[in-house]
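Taking it in order: structure first as structure tokens, then the write-up.
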Amino acid sequence: MPAPCERVGADDMFIMIFCWQQTNPKNKVEKRMAETYSEAAGSIPITTLTDVLAFYIGIMTSFQSVKSFCLYTGTAFIFCYLYNITFLEAVLALNGKREEGNRHGLIFTKVKDIVQPHRSCLYNLCCVGGFSDKSSGGEGEHPMHKFFRKYYGPFLTKIWTKVFVVLLYEGFLASGIYGCTQIKEGTVLRNLASDDSYVIRYYDWEDEYFSEYGPRIMVTITENVLYWNPSIRNDIENRMESLENNSFVEKSLSESWLRMYENVARIGSLNIDTKAFFMGNLCEPYKLFPEFEWDIDIRYQEIAASHFFIQTVNVTTAVDEKNLLHQLRDLAKDCKIPLMVYHPAFIYYGQYIVIVPNTIQNTGIATGVMLCVSLLLIPNLLCSLWVTFAIASVIVGVAGFMTYWDVNLDSISMINLVICIGFSVDFSAHVSYAFVSSEKSTVNERAVDALYLLGYPVIQGVISTILGVIVLSAAQTYIFRTFFKIVSRYLVWSCSWSCFYSSIFNIFWNSWQITDNS
Numbered sequence: 000m001p002a003p004c005e006r007v008g009a010d011d012m013f014i015m016i017f018c019w020q021q022t023n024p025k026n027k028v029e030k031r032m033a034e035t036y037s038e039a040a041g042s043i044p045i046t047t048l049t050d051v052l053a054f055y056i057g058i059m060t061s062f063q064s065v066k067s068f069c070l071y072t073g074t075a076f077i078f079c080y081l082y083n084i085t086f087l088e089a090v091l092a093l094n095g096k097r098e099e100g101n102r103h104g105l106i107f108t109k110v111k112d113i114v115q116p117h118r119s120c121l122y123n124l125c126c127v128g129g130f131s132d133k134s135s136g137g138e139g140e141h142p143m144h145k146f147f148r149k150y151y152g153p154f155l156t157k158i159w160t161k162v163f164v165v166l167l168y169e170g171f172l173a174s175g176i177y178g179c180t181q182i183k184e185g186t187v188l189r190n191l192a193s194d195d196s197y198v199i200r201y202y203d204w205e206d207e208y209f210s211e212y213g214p215r216i217m218v219t220i221t222e223n224v225l226y227w228n229p230s231i232r233n234d235i236e237n238r239m240e241s242l243e244n245n246s247f248v249e250k251s252l253s254e255s256w257l258r259m260y261e262n263v264a265r266i267g268s269l270n271i272d273t274k275a276f277f278m279g280n281l282c283e284p285y286k287l288f289p290e291f292e293w294d295i296d297i298r299y300q301e302i303a304a305s306h307f308f309i310q311t312v313n314v315t316t317a318v319d320e321k322n323l324l325h326q327l328r329d330l331a332k333d334c335k336i337p338l339m340v341y342h343p344a345f346i347y348y349g350q351y352i353v354i355v356p357n358t359i360q361n362t363g364i365a366t367g368v369m370l371c372v373s374l375l376l377i378p379n380l381l382c383s384l385w386v387t388f389a390i391a392s393v394i395v396g397v398a399g400f401m402t403y404w405d406v407n408l409d410s411i412s413m414i415n416l417v418i419c420i421g422f423s424v425d426f427s428a429h430v431s432y433a434f435v436s437s438e439k440s441t442v443n444e445r446a447v448d449a450l451y452l453l454g455y456p457v458i459q460g461v462i463s464t465i466l467g468v469i470v471l472s473a474a475q476t477y478i479f480r481t482f483f484k485i486v487s488r489y490l491v492w493s494c495s496w497s498c499f500y501s502s503i504f505n506i507f508w509n510s511w512q513i514t515d516n517s
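Encoded structure:
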């Protein structure tokens, strides 16, 4: 949870600081604060609201771990937003007071506001007041802003660059869609342990030497039934045969205490068709087969529960495990007797049944909610649609490239996809809002202006996130490495969308509006 919170807080902080830098240092702090809030009031609430909603939508999932993560992270985003508009602004106000008094940024003593020619460059850099742009009254233009305005923006608006960017986007999208069709489901249990754990060797040896045999399933009768009734015993036997006839079950390896009891009774001419004889003779088979003694739970001269065992085979993939669980549970549910199939691994198999529907549900609902929020807060229909399309593109790209990076779709990667759903709107919303808010006359100029204003904050956000997660690439656990892979892929897609695709598509789809207005 700290990594997503750091990323959202840092992104909004960079934008607030940039808006502050565009104000006139000669104005009163109150006016500069008002101008900062007015500039940031568009994009920051949009991204915060969409992030919070995306994570709260994740609470609808069937996985308790994902629910807890989404609840705490979504709530943390609310506090990040509150801190940014209160604590950060208070710090900026204090910094504004410092600038008014022309005080040093570190030790707060009075400094000269004119460069001293006879002093060294280091002295003038550290001990002379900050410079201002006399033409605008704002702080001097940062080299990165100049790069986006003078070089990158004009380069991106060239015809051949637009064509190349569109073709590049189509290539990435096609590879992402293909990857989504090939994505693997399921949790590889060895990945839940640390790389240096003995558990890794255990699962490797199990796959190498015992992969033919799957889990040994317990078939449990959960209530007291009339075992001495021949029709009840016949129902139990018929259901056991149905389970044994399943394609994943080896019939010859089953264990049934009831079959053993009936065979012993038949050989020894024992009567087991009444309760008294059935319970009275029950100790006889244990003398020959003591291993079955623990298959029956006897309480107060009643059989409270009992269980049998079936052996599964050729269960090699997550799809096999999902189908096995489905088929065995369906057979158990159709039985007249209260029957349950169980194995400790079913806790993992169960998630395979719901992981894809849950992922599609969360993605679809979140994308629809993002569209509604964008329509309400971005004063341009087409830009709102492009923000929504950006979400879908980023999710398809990230999910698709999970295949190429050997990351399965499980509850771990699902948490990371929920993160991407929330974050994918951030960069594109900032740039799209800046595009439609620009007062430039042509779409090319608007695109350059949007990149000039927010290109550098976007790059700062990407770099800060990379620095926060890059250490996880060398982690000894699969969970952290998966987080790094998915987040780094998300950063590539989101940054590409903001700095390439968003600007180009906004130019294409807003050209007709500019033409009509002129």
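Residue numbering for the sequence shown is 0 to 517, as defined by numbering that gives the first Met the number 0.
Don't be surprised by glycine CBs; every beta carbon is placed ideally from N, CA and C.
- In this structure, Leu324 and Ile352 form a Cβ contact; the two beta carbons are roughly 7 angstroms apart against a cut-off of 8 angstroms.
- In the three-state reduction of the DSSP assignment, Asp296 falls in the strand class.
- In this structure Tyr500 is not in contact with Val162, their Cβ atoms being roughly 13 angstroms apart against a cut-off of 8 angstroms.
- Straight across, the Cα-Cα distance linking Glu254 with Ile216 is about 10 angstroms.
- Taking C-alpha positions only, Val263 is separated from Leu257 by approximately 10 angstroms.
- Linking Asp333 to Tyr341 through their CA atoms gives a straight-line distance of about 16 angstroms.
- Following the DSSP letters along the chain, one finds Val224 in no alpha helix (DSSP H), marked with neither H nor E.
- By the Cβ-count criterion, Tyr197 is exposed, with fewer than 16 other Cβ atoms from all chains shown falling within 10 Å of its own Cβ.
- Here Val368 has Leu52 and Ile56 as same chain residues with Cβ atoms under 7 angstroms from its own Cβ, once five neighbours each way along the sequence are excluded.
- Per DSSP, the unbroken beta strand (DSSP E) holding Thr311 starts and ends at Glu301 to Val312.
- Taken in chain order, the whole alpha helix (DSSP H) runs of length 4 or more contained in the region 21-99 are 28-39, 42-56, 63-84 and 86-99.
- Bounds of the alpha helix (DSSP H) holding Val318 are Ala317 to Lys332.
- Rounded to whole angstroms, the Cβ separation of Tyr168 and Gly399 is 14 angstroms, and the two are not in contact under 8 angstroms.
- When Ile199, Leu269, Leu287 and Asp409 are compared, the shortest CA-CA separation from Lys321 is found for Asp409.
- By the CB criterion at 7 angstroms, Leu453 and His429 fall inside the cutoff.
- Gln63 sits exposed, since fewer than 16 C-beta atoms from the chains shown fall within 10 Å of its C-beta.
- Gln350 counts as buried, since no fewer than 16 other beta carbons sit within 10 angstroms of its beta carbon.
- In the DSSP annotation of this structure, Glu169 is not part of any beta strand (DSSP E); the continuous alpha helix (DSSP H) holding it starts and ends at Ile158 to Thr180.
- Between Leu155 and Ser502 the beta-carbon gap is near 6 angstroms, inside 8 angstroms, which marks them as a contact.
- Here DSSP, grouped into helix, strand and coil, assigns Ser246 to coil.
- For Tyr341, the enclosing beta strand (DSSP E) covers residues Leu338 to Tyr341.
- At a cut-off of 3 residues, not a single continuous stretch assigned as beta strand (DSSP E) sits fully inside the region 415-478.
- Met217 is bridged by DSSP to Phe308 and Tyr341.
- At a Cβ-Cβ threshold of 7 angstroms, Leu376 and Ile58 do not count as neighbours.
- In this structure the region 223-236 lies against the region 298-311, because at least three pairs of beta carbons, one per stretch, are closer than 8 angstroms.
- Distance from the CA atom of Ser497 to the CA atom of Gly100, rounded to whole angstroms, is 38 angstroms.
- Note: Ser230 is not bridge-paired with any residue in the DSSP secondary-structure output.
- The beta carbons of Trp227 and Phe277 sit closer together than 7 angstroms.
- Taking 8 angstroms as the upper bound for CB-CB distance, Gly152 and Val447 are in contact here, some 3 angstroms apart.
- Beta-bridge partners of Tyr212 (DSSP): Val312.
- With contacts defined as CB atoms closer than 7 angstroms, Asn407 and Lys183 qualify as a contacting pair.
- Taking 7 angstroms as the cut-off, the Cβ atoms of Ile336 and Asp234 count as close.
- Leu374 carries a helical assignment under DSSP once its states are collapsed to helix, strand and coil.
- Asn83 and Asp11 do touch by the CB rule: their CB atoms are close to 5 angstroms apart, below 8 angstroms.
- Counting every other CB atom within 10 Å of its CB across the protein chains shown gives Asn505 a total of 16 or more, marking it as buried.
- DSSP places Pro289 outside any alpha helix (DSSP H), giving it a letter other than H or E.
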